Each structure stands twice: as structure tokens, then as C-alpha cells.
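Enquirer: Residue numbers (our numbering), protein chains in the order written: chain P, 26 to 185; chain C, 20 to 628; chain F, 2 to 267.
Backbone N, C-alpha and C fix where the C-beta goes; we use that ideal spot for every residue, glycine too.
What you are looking at is a predicted structure, and each value in this text was computed from that prediction instead of being measured.
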């Protein structure tokens with residue numbers, strides 16, 4: 026099968042990979058590049074587990090034709106922590122017990138980051154709306170919403 | 020933030036208040052992996068040369084397979100292997116065979132017929148997922164569509180289609196005797212006669228898909244030491260390993276299973292289907308093979324919590340006391356047994372709910388229909404009947420004009436009460452739950468109900484076991500001949516005297532004396548038939564005093580007659596039976612390779628309980 | 002074997018669409034077909050034409066390129082009246098990708114935005130220059146061949162246009178039904194009313210008996226009663242995993258009433 030060269034920026038680093046025609050970005054990230062942080066949950070845009078940022082905008086990588094990110098900047102949960110220090114959202118998720126099985130967490134973090142990048146002081150309804158495309162089957166969402174609000178307000182409590 | 024309120028005022032003297040972890044903030048041990056996206060789910064393991072496996076599935080609820088033509092698929096680009104039923108070394112299994120419960124009834128790939136929509140008949144292994152999908156679409160199956168049945172009660176009609184040839188009566192066989200699981204406690208016929216009113220209800224729960232965010236899947240690959248590694252989403256790693264060993268007829272020591280990081284399960288990842296499929300693919304191709312359900316497969320063929328239907332009939336006094344309760348339950352287990360047979364045992368142990376009722380009977384059926392096989396989900400075996408019971412409690416409260424919370428407190432079990440499965444209740448807390456819930460909801464209850472306690476007024480007469488009426492209705496196969504009632508008989512043919520006079524019946528003797536239940540707990544004498552065990556001084560039979568709310572039968576009680584538990588057995592329970600084989604005792608417990616009669620020969624190093 | 006061809010102009014792309022090919026805009030529907038190995042096509046046709054993403058004013062109408070995303074509609078000042086309909090589609094990630102043109106062809110239970118466009122009597126502008134009312138585009142969906150380049154809608158007066166989506170999942174999920182109403186008034190009474198339902202049939206559809214019953218009335222409880230009676234006349238809602246056709250039919254008048262006379266919520 027013919028492969029096409031694809032160059033893009035992944036979490037700030039220039040990346041190149043050969044892709045099949047019709048390949049979706051999720052497969053290319055997971056199997057082509059080896060970034061396992063976006064997850065497969067449905068392959069049809071229903072669950073949000075594969076959420077990534079493309080040029081700062083929230084997208085579902087399973088519905089993204091891989092070749093359309095040529096020259097663009099893709100960000101995943103793998104790049105969320107800037108160095109050894111965790112991102113405020115990651116800390117808030119830890120403190121707020123906002124993950125159980127953890128499978129939705131990378132997608133949730135991307136949706137939350139897209140929200141906070143555009144709206145640093147969201148209301149509870151804003152947060153619920155921002156993660157409305159992300160399904161979590163474990164938590165019932167409340168701890169996740171709490172954690173995102175805590176990250177936004179910088180009020181995350183830390184354990185000793 | 021969610022906060023927990025501790026009600027340490029309740030049952031304060033039953034515990035030492037030294038909790039070190041509960042109620043204190045803590046950090047999950049796995050959460051750093053979760054928030055960094057580094058937790059290793061099965062699909063996060065990369066293999067070069069990974070092949071992809073997909074199944075050809077039945078579009079019909081019930082059909083015979085006349086032929087399968089894979090010739091076009093074999094020639095498709097990227098196709099490495101077609102996997103046929105004949106490629107499965109031991110192509111028949113039941114999940115609970117690993118604990119010796121039930122008969123093998125389900126193939127990994129079906130070769131003669133399919134019994135539910137989505138049942139797999141063969142598989143394709145190809146270089147890419149897309150190539151596998153294209154090849155699947157090119158497989159031609161010649162189906163002979165058969166009549167199907169999707170309703171539990173229709174499946175028990177004499178002329179209903181046979182869903183599962185291993186169980187031709189469309190019911191699981193319980194104890195090699197009945198087509199349902201029986202519970203008999205007291206005399207419901209007399210209870211209904213004594214009651215001021217009889218209140219009936221019908222309740223139903225649809226199948227529920229667990230819908231974990233990560234679909235079921237596994238990646239298997241040959242290792243360099245003549246073993247196969249399998250990374251899996253399973254919730255039951257050793258179940259999956261044992262099942263794979265059995266289906267593939269391969270020593271379990273050659274299987275290296277890695278799991279433990281599960282993207283949500285909720286009971287839907289115990290059925291051990293993706294692991295044998297992926298491992299079989301690795302065996303047949305010598306390459307790493309991934310078998311992953313996509314979302315529609317997860318929803319269509321991923322085993323759900325099965326549908327249930329319950330009929331409840333209560334005999335109630337005008338003051339709200341429930342004196343008799345009869346259940347007729349149907350579990351829709353789908354086309355194959357999986358875990359439903361066992362869920363029913365668990366459901367029956369739960370009856371009649373957290374209430375003290377002197378006369379209880381239930382017939383619960385594990386019914387085969389042409390639906391997706393059912394399996395575990397949170398609240399295994401209990402959720403459906405609890406919904407039915409609590410809905411019915413509201414109906415009873417309305418019928419007798421009583422507050423529903425007060426009705427529950429009135430009938431609630433208390434410490435020391437005898438439950439229908441003949442164990443004494445302890446650590447009961449329904450009354451306190453009702454009181455706290457009513458208080459939180461601003462729901463006013465009468466002072467005597469607000470003052471009630473699980474710790475007082477239980478036991479005594481409520482700990483006694485009344486005379487129990489038994490019957491032999493619903494023997495295996497009877498329903499194929501004629502229609503017989505589903506509900507428990509209200510005119511039994513046998514009697515077990517009040518107290519602990521009955522005889523324990525168990526399929527397998529306990530291996531050790533200390534596993535033998537005590538007669539005062541189970542309401543039965545322990546069998547003295549075990550030659551190895553010194554006859555325990557049987558507890559003197561309790562007087563045949565019925566519990567306080569128990570009915571007085573209208574006519575004179577006939578003298579106690581023991582119903583013969585099996586016609587062939589000697590009638591006198593006290594005399595030792597003819598020589599029986601020695602009960603099995605492991606000579607070398609906890610060692611690898613223990614061989615026991617009836618144990619899976621594929622599992623090493625396990626020992627029952 | 003799949004191939005992807007990207008053209009510079011919408012006209013070129015339209016010419017390239019043919020047998021065993023599909024046009025991809027946002028991809029929210031077509032990528033699902035790709036991911037699930039749909040064997041019905043092996044060519045994907047795309048265009049990088051910037052005109053597809055433009056929103057422009059033309060007299061009393063607004064032109065919306067077929068490639069405009071729901072997120073862009075929701076953010077557009079010119080399209081404030083359509084923002085509630087755009088925001089009702091999917092979650093934020095879907096809205097960053099789902100397009101106006103794609104929504105015209107979204108199968109049940111999707112197509113909420115097309116329901117709003119139908120109530121507004123939108124015109125579909127095909128790539129070959131033809132113009133067609135959205136109503137016939139929806140009715141002939143599946144048979145018509147062509148590439149939608151844009152839609153244009155009249156700009157309703159404030160409060161003349163209303164949209165409501167009914168879903169079981171909060172804050173949102175796929176439609177049990179979507180309702181859109183264009184309620185122009187003349188001398189205080191309704192005139193030229195348009196009522197459209199989504200997810201109440203294979204495509205969004207008007208209920209003309211309901212519209213006729215509303216014309217000439219006031220928007221009050223008594224006035225709308227005959228329209229509620231006729232709420233589902235001519236609709237044939239389907240059973241699906243979200244709701245049965247029976248249920249949809251039963252609750253449609255209640256939701257229509259909520260749309261026409263918004264309840265005061267405490």
C-alpha cells in the first residue's frame with residue numbers, strides 16, 4: 026500500500042512519519058509515532074478518549090484524516106507537563122481523585138486544557154459544556170468538573 | 020467537593036474508632052500514570068509486525084451454517100490466515116467449568132449453527148485492520164435461518180425453538196434435578212391463606228451494557244521461550260488464562276498473561292473471549308496478533324447484564340406485616356450460560372430482600388434465548404431483583420395505606436433473625452439506613468419507627484425455622500411435555516419439620532471439617548454419612564414452634580414426612596449409606612500440577628477454596 | 002485500497018466526485034465510514050477551497066459556506082440567531098469539525114442544524130451554480146447528486162426564530178428530537194409560520210398542518226392548542242436506541258409547547 030510522508034509538530038518537536046491513505050490521526054499517533062496517550066474508545070467521535078489539540082483547537086484524532094495535520098502543531102497529554110513539573114490540571118486531577126480507570130483521562134485533560142486556554146475563569150456550566158463530548162464511565166463527572174475548576178482557580182489542595 | 024459524613028453514633032460499640040485510611044485523603048497508587056497518559060493498557064504495548072484479527076459474525080438471531088466460503092477472502096491483499104472453527108483445538112467451553120459448575124456449551128467459533136446475532140463463525144488475520152475488514156466482507160456464509168425466541172417466558176413454551184443443544188429445555192439444569200433454582204422456607208400456601216390481602220406485581224429489567232470506555236481486546240505474541248505472552252483488558256486474568264489453556268489445549272505454563280490495567284470493566288471483561296482468540300492467532304501465525312472489539316461489537320456481542328423478569332406475590336396483614344412472599348424469576352442468559360447460572364444462585368441467596376418474612380418461596384429460571392449471552396455487572400445477580408423487591412414494597416405500602424419507609428422498618432430484618440436461606444442475620448442496618456435517609460430527605464416517620472433499632476427485638480422467635488413445605492415441580496424436561504406453572508407451588512407434597520431437622524444436601528462434600536457449616540446456622544443437621552468424620556452430636560431438634568408471624572395452618576399439621584431427596588437414596592438419614600468413594604482430599608495442596616477428579620486439567624496450582 | 006484526492010477549487014472537486022467516491026468536508030461522518038472499513042467507496046475527494054469556509058452578508062440574507070464549522074457559526078455575530086442550533090451539535094471537538102454542508106446529509110438521529118435551516122427556509126447553493134430550497138434537498142437526499150457549496154438564510158427578526166433540542170444526556174447527547182420554529186408576525190398575529198422537526202423521520206421535516214394551525218393566531222395557550230394537536234401530522238418517527246417512535250410522537254406536542262411558550266423556570 027502506498028505511503029505518504031507526513032510532517033507535523035508533536036508536542037513542540039518536529040515529527041515525520043509515513044501514513045496509509047485514509048489513516049486517521051489516532052492510529053498514526055499511537056502506532057506510527059508511538060504516542061500512546063490518546064486512546065481508542067469508539068472510532069466514531071462519540072467518546073472523546075482520543076481528543077488532541079491541533080493548532081490549539083480541540084479535535085478528535087479518530088475523526089481526523091492524518092494527512093490534514095501536515096505542517097500543523099499537534100498536542101497530546103504526553104506534552105501537557107512542561108518538564109518535570111506536572112500541569113495544574115494534572116495536579117488537580119490527582120488531588121481531586123478525578124480518575125478511576127484512567128482511560129478517559131488524557132482526553133478529558135485535553136478538553137479541559139482547550140477550555141482553560143480560551144476561558145481561564147470558567148463557570149461550572151462552562152466546564153460541563155467543555156467536557157460534554159468526553160465520556161467517563163467511572164466517576165460520574167463531578168470530581169472531574171471539580172478538578173478542572175480547582176485548576177482554573179489555582180485552589181488545588183495538595184497532599185503532604 | 021464531595022464530602023463524606025461519618026455516622027459514628029450508629030453501632031458505636033461495635034467498632035474501635037481507629038480508622039487510619041478511611042475518611043482521610045489519599046493518593047491513588049495508579050493516578051500518576053493516568054494523568055500523564057502512561058498507564059499501560061493492553062493496547063499500549065507496541066509490537067513490530069503486529070497483525071489484526073477480525074471475526075465474521077452472524078447477521079441472524081438463530082441460523083444453521085450450511086457452508087462458509089472463504090476463497091475470495093484468502094486472496095485479498097494482506098490476508099495472512101483464515102481461522103476456522105476446526106482450528107480451535109478444544110472448541111467447546113463454559114466459563115464456569117473452571118470451578119466445575121455447568122456443562123460446556125459454547126464454542127469459541129461456531130461451526131454448526133449460530134444462536135445469537137453477532138456470534139462469530141470464523142476470523143481473518145491480516146496485516147492491517149482495514150485489510151481484515153475488507154476480507155471479512157468477502158467471506159460468504161450460506162445461512163439456513165431458524166425460528167428464534169427472544170422472550171424468557173416464550174422460550175419455556177413446550178414448542179419453543181431449542182436455543183442451546185446442551186440444554187435442550189432452554190433452561191439451565193440445577194442440581195441435576197430441576198429446571199430452576201428453588202428456595203423453600205416455611206409454608207407460603209398457609210401464609211397467603213392467613214394474610215388479610217395478597218398483593219402481586221410484575222417487574223422487568225432490560226439488558227444493560229457495561230459500556231467500558233476501553234473495548235475488550237488482547238494482543239498475543241510468541242515469546243522466545245516457547246511461551247505466548249498475552250496483554251489483555253481482562254478483569255479476570257487467571258480466568259482468561261485458564262480458559263485460553265482449555266480452548267487451545269495448551270499447558271497453562273506456556274501462557275504468560277499480563278493484565279491489571281483495565282480501561283473500565285464493570286463486569287463486562289470477565290468472559291475470556293478475546294484472549295483465546297488473540298492467542299490462537301499468535302499460535303497459528305507465529306506473529307503478534309491483536310484482537311480488539313470495535314465499539315459496535317462491544318455493544319452488540321459484548322455480554323451485558325442480562326434482562327430479568329420477576330413476579331412477586333406478597334401476603335400482607337392489614338398492619339403491614341408481610342407474612343408470605345413468593346418469587347418467580349426469569350434470568351435471560353442469552354444463547355450461552357456464561358455466568359447467569361451462578362448469578363441466580365446469588366440472587367436466590369438474597370431473597371426475600373433485607374426483610375424478615377416467615378414464609379418464602381422462589382423459583383428462578385436461567386433461560387436460554389437467542390439474545391447476546393449475558394454476564395456479570397455491578398451488583399451481580401442482585402440488582403434486578405432488588406429493583407423488583409423495592410418497587411413492590413412501595414406497591415404494598417400503597418395498598419395497605421402505610422408510609423413506605425415505615426413499612427420497610429416494620430418488616431426489616433434485625434440482628435439474630437433467621438433468613439430464608441437459613442443463616443442468622445448479623446450486622447443488619449436497614450432500619451438505620453431508612454431512618455437516616457428519611458431524616459436527610461425531610462421525610463417524617465412515626466416515633467416508634469424513628470426509635471426502632473436493628474439491635475433490638477430481633478432473634479428469639481424470629482430466629483426459629485418453621486415447618487417447611489417442599490415440592491418436586493419443575494423437574495428437568497417436564498416443560499417440554501406440557502405447560503406447568505412457573506410459580507412456586509402453594510400446595511407442597513413434602514414436609515421438613517421445624518427446627519434444624521432437615522438434611523444438608525450439597526453437591527460436593529467440604530474438603531475439610533472446618534468448612535462444614537454449623538447446623539444452627541443453616542437449619543440442617545450435618546450429614547452423619549461421612550465415614551471419615553466423627554458424627555457430630557446433632558443439635559437437638561428445636562421444637563416445632565413456628566415463628567411469631569408464621570401462619571397457623573388451617574387444618575391439623577400432618578406428621579412430619581421427609582421428602583426423599585432422591586428416590587434412589589436410602590431413606591434413613593441417620594444410617595450410613597453404602598460404601599461411597601472417599602471424599603477427595605488434596606495430598607499436596609498448593610502445589611503445581613495437582614490433579615483432582617473434576618478439576619480442569621489445564622490449570623495448575625489451584626485448589627478449591 | 003483507499004485514495005485521497007485534494008483539489009484547489011470546489012468546482013474541480015465536484016467534477017471529481019463520481020462512482021465509488023465520497024466528498025469529505027469535516028469528516029465527522031465520513032471518517033467513521035473509513036474507520037469501520039465501509040466497502041462502498043475507495044476514493045475520498047477533498048478541497049482546500051477557502052470560499053467554503055466563508056460567511057458573508059448579501060442583502061437580507063446571510064451566505065454560509067458549506068465548510069463553515071458549527072464552532073464558527075456559534076462564534077459568528079452575523080449568525081447569532083443560529084448559534085443555539087450550532088451549539089447543540091456534538092461536543093466542542095465535534096463542533097470544531099462538523100460543517101454546515103455535512104449536516105444537510107447527516108443521517109438520523111443527526112442533522113439538528115439542518116432542522117434549523119429548514120425552518121428558516123434556507124436555500125442550498127450547489128457547486129454547479131444551481132439553487133434549490135432546502136426542503137427538496139432533504140426530501141431527495143440519497144438520490145440527488147452534487148456538491149453543496151453554501152447555504153443562504155434570511156435573517157429573522159429578534160425572537161422570531163426559536164430552536165430546541167431534546168436529548169437524554171446532559172448537557173447534551175444525540176437527539177430524541179430537534180424542533181425549530183420561524184414565527185414571523187403581522188399585526189400581532191402569526192403569519193408564514195414554519196415549524197420543522199429533526200430526528201422525527203429519516204430527515205428533518207416541516208409539519209404543514211401545524212404551521213397552518215398557527216397562522217393567524219396569537220402565541221398563547223389557547224391559540225396554539227390546535228397546532229399542538231397537529232404537531233406530528235405527516236411525521237413517521239423511527240424507533241432507535243434513544244427513543245421509540247411512539248414515545249417521540251407522544252412527547253412532541255409537549256416540547257413544541259415549550260418552544261412556542263417558554264416556561265418560566267424557577
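1) Hey, quick one: how far does the beta strand (DSSP E) through residue 227 of chain F stretch, first residue to last?
2) Using only CA atoms, which one of F:119, F:205, F:234 and F:202 lies nearest to residue 214 of chain F?
3) What does the alpha-carbon distance come out to for the pair residue 64 of chain C and residue 56 of chain C?
4) Need the endpoints of the beta strand (DSSP E) that residue 515 of chain C sits in, please.
5) Scan the stretch 60-117 of chain F and note each continuous beta strand (DSSP E) run of 3 residues or more that stays entirely inside, going in chain order.
6) How should residue 243 of chain C be labelled, buried or exposed, when 16 other C-beta atoms within 10 angstroms of its C-beta is the threshold for buried?
7) Starting from residue 153 of chain P, find everything on chain F with Cβ-Cβ shorter than 7 Å and list it in chain order.
8) Using 8 Å as the cut-off, can you tell me whether the stretch 80-95 of chain C makes contact with the stretch 261-268 of chain C, which would need three or more C-beta pairs spanning the two stretches below that distance?
9) Identify whether residue 502 of chain C lies in helix, strand or coil by the three-state DSSP scheme.
10) For residue 29 of chain P and residue 116 of chain C, what's the separation of their Cα atoms in angstroms?
11) Which residues of chain P have a Cβ atom closer than 7 Å to the Cβ of residue 97 of chain F, listed in chain order?
12) Kindly examine the ligand SAH and report whether one of its heavy atoms sits closer than 8 Å to the Cβ of residue 113 of chain F.
13) Please work out which residues of its chain come closer than 6 Å, Cβ to Cβ, to residue 104 of chain C, disregarding the five sequence neighbours upstream and downstream, and give them in chain order.
14) Ignore the nearest five residues each way along the sequence and tell me which others in residue 103 of chain P's own chain have a CB closer than 7 Å to its CB.
15) Classify residue 173 of chain P: buried if its beta carbon has 16 or more other beta carbons within 10 angstroms, exposed otherwise.
16) Which residues, taken in chain order from the stretch 212-246 of chain C, show a beta carbon closer than 7 Å to some beta carbon of chain P?
17) Would the beta-carbon of residue 94 of chain C fall within 9 Å of that of residue 70 of chain C?
18) Kindly provide the ranges of any alpha helix (DSSP H) runs that are 4 or more residues long and lie completely inside the stretch 75-122 of chain P, ordered along the chain.
19) Exposed or buried, what is residue 416 of chain C when buried is set at 16 or more other beta-carbons lying within 10 Å of its beta-carbon?
20) Short of 7 Å in beta carbon distance, which residues of its chain neighbour residue 95 of chain P, apart from the five on each side in sequence? Order them along the chain.
21) State the CB to CB distance for the pair residue 200 of chain C and residue 327 of chain C, rounded to an integer number of angstroms; the pair is presumed to be in contact (CB under 8 Å).
22) Of the choices F:27, F:2, F:9 and F:11, whose alpha-carbon is the least far from that of residue 21 of chain F?
23) Taking the alpha carbon of residue 198 of chain F as the reference point, which residue from F:224, F:114, F:185 and F:152 has its own alpha carbon closest?
24) At what residue ranges does the stretch 68-147 of chain C contain a whole run of the alpha helix (DSSP H), taking only runs of 4 or more?
25) Can the beta-carbon of residue 288 of chain C be found closer than 9 Å to that of residue 238 of chain C?
26) Just how far apart, CA to CA, sit residue 420 of chain C and residue 164 of chain C?
27) Please go through the stretch 273-309 of chain C and give each complete alpha helix (DSSP H) segment of 4 or more residues, from N-terminal end onward.
28) Near residue 173 of chain F, which residues of its chain fall below 7 Å by C-beta distance, leaving aside the five closest residues on each side in sequence?
29) Taking Cβ-Cβ distances below 8 Å as the criterion, which residues of the stretch 39-68 of chain P are in contact with chain F?
30) In terms of residue numbering, what span does the beta strand (DSSP E) encompassing residue 203 of chain C cover?
31) In the DSSP output, what is residue 385 of chain C paired with across the bridge?
32) Kindly list, in the order they appear in chain C, the residues whose Cβ is closer than 8 Å to that of residue 158 of chain F.
33) Below 8 Å, how does it come out for the stretch 204-222 of chain C and the stretch 326-345 of chain C: are there three or more Cβ pairs, yes or no?
34) Measure the beta-carbon distance from residue 261 of chain F to residue 220 of chain F and round it to whole angstroms, keeping in mind my assumption that it falls under 8 Å.
35) So, for residue 293 of chain C: in the same chain, excluding its five sequence neighbours on each side, which residues have a beta-carbon less than 6 Å away from its beta-carbon?
36) Considering residue 137 of chain P, what are the terminal residues of the beta strand (DSSP E) in which it resides?
Expert: Let's see:
1) Numbered from its first residue, the third chain carries residue 227 of chain F at position 226. It is not in any beta strand (DSSP E) - residue 227 of chain F instead sits in the alpha helix (DSSP H) that spans 222-230.
2) Counting from 1 along the third chain, the entry for residue 214 of chain F is found at position 213. Of the listed residues, the one whose Cα sits closest to residue 214 of chain F is F:234.
3) Looking up residue 64 of chain C in the second chain gives position 45. Looking up residue 56 of chain C in the second chain gives position 37. For residue 64 of chain C and residue 56 of chain C, the distance between alpha carbons rounds to 13 Å.
4) Counting from one through the second chain, the residue named residue 515 of chain C turns up at place 496. Note, residue 515 of chain C: beta strand (DSSP E), 513-515.
5) 62-66
6) In the second chain, the residue the question calls residue 243 of chain C occupies position 224. Classification for residue 243 of chain C: exposed.
7) In the first chain, residue 153 of chain P corresponds to position 128, counting from 1. Correct list: 172.
8) no
9) As a working mapping, residue 502 of chain C is identified with position 483 in the second chain. Note: residue 502 of chain C maps to coil in three-state DSSP.
10) Translated into the one-based positions of the first chain, residue 29 of chain P becomes position 4. Translated into the one-based positions of the second chain, residue 116 of chain C becomes position 97. Roughly 50 Å between the two C-alpha positions.
11) Here residue 97 of chain F refers to the residue found at position 96 when the third chain is read from its first residue. Going along chain P in sequence order, the residues near residue 97 of chain F (Cβ under 7 Å) are 82, 83 and 84.
12) This structure does not include the ligand SAH; it has no bound ligands of any sort.
13) On the second chain, position 85 is the one that residue 104 of chain C refers to. Same-chain partners within the cutoff: 110, 128 and 130.
14) For the purposes of this step, residue 103 of chain P is taken as residue 78 along the first chain, with counting starting at 1. If we look at residue 103 of chain P and ignore the five residues flanking it on each side, its Cβ neighbours are 36, 60 and 62.
15) In the first chain, residue 173 of chain P corresponds to position 148, counting from 1. By the neighbour-count rule (16 or more Cβ atoms within 10 Å), residue 173 of chain P is buried.
16) 230, 231, 232 and 233
17) Residue numbering aside, residue 94 of chain C sits at position 75 when the second chain is read from its first letter. Residue numbering aside, residue 70 of chain C sits at position 51 when the second chain is read from its first letter. Going by C-beta atoms, residue 94 of chain C is not nearer than 9 Å to residue 70 of chain C.
18) Fully enclosed alpha helix (DSSP H) runs of 4 or longer: 113-120.
19) Within the second chain, numbered from 1, the residue matching residue 416 of chain C stands at position 397. Looking at its Cβ environment, which holds 16 or more other Cβ atoms inside 10 Å, residue 416 of chain C is buried.
20) The residue you call residue 95 of chain P lines up with position 70 of the first chain. Cβ neighbours of residue 95 of chain P beyond the five flanking positions: 31, 32 and 33.
21) What you label residue 200 of chain C is simply residue 181 of the second chain in a count that begins at 1. What you label residue 327 of chain C is simply residue 308 of the second chain in a count that begins at 1. Residue 200 of chain C to residue 327 of chain C, Cβ: 13 Å. No contact.
22) Working through the third chain from its first residue, we reach residue 21 of chain F at position 20. For the residues F:27, F:2, F:9 and F:11, the minimum Cα distance to residue 21 of chain F belongs to F:2.
23) Residue mapping note: residue 198 of chain F aligns to position 197 of the third chain, counting from 1. For residue 198 of chain F, the nearest C-alpha among the options comes from F:114.
24) 90-93
25) Here residue 288 of chain C corresponds to residue number 269 of the second chain, with the count starting at 1. Here residue 238 of chain C corresponds to residue number 219 of the second chain, with the count starting at 1. Not in contact: residue 288 of chain C and residue 238 of chain C (Cβ atoms no closer than 9 Å).
26) Against the second chain, residue 420 of chain C aligns to sequence position 401. Against the second chain, residue 164 of chain C aligns to sequence position 145. Between residue 420 of chain C and residue 164 of chain C, the C-alpha separation is close to 53 Å.
27) 293-304
28) For the purposes of this step, residue 173 of chain F is identified with residue 172 of the third chain, where counting begins at 1. Cβ neighbours of residue 173 of chain F beyond the five flanking positions: 89.
29) 45, 46, 47, 49 and 68
30) As a working note, residue 203 of chain C is residue 184 in the second chain. Unbroken beta strand (DSSP E) run through residue 203 of chain C: 200-204.
31) For this step, residue 385 of chain C is matched to residue 366 along the second chain. Note: residue 385 of chain C is bridge-paired with C:350 in the DSSP secondary-structure output.
32) On the third chain, position 157 is the one that residue 158 of chain F refers to. Those within 8 Å of residue 158 of chain F in chain C number zero; the least Cβ separation is about 44 Å.
33) yes
34) Looking up residue 261 of chain F in the third chain gives position 260. Looking up residue 220 of chain F in the third chain gives position 219. 6 Å between Cβ atoms; contact.
35) Here residue 293 of chain C corresponds to residue number 274 of the second chain, with the count starting at 1. Excluding residues within five positions, the ones whose Cβ falls inside 6 Å are 235, 236, 237 and 310.
36) Within the first chain, the letter at position 112 stands for residue 137 of chain P. Premise fails: residue 137 of chain P lies in the alpha helix (DSSP H), 130-143, not in any beta strand (DSSP E).
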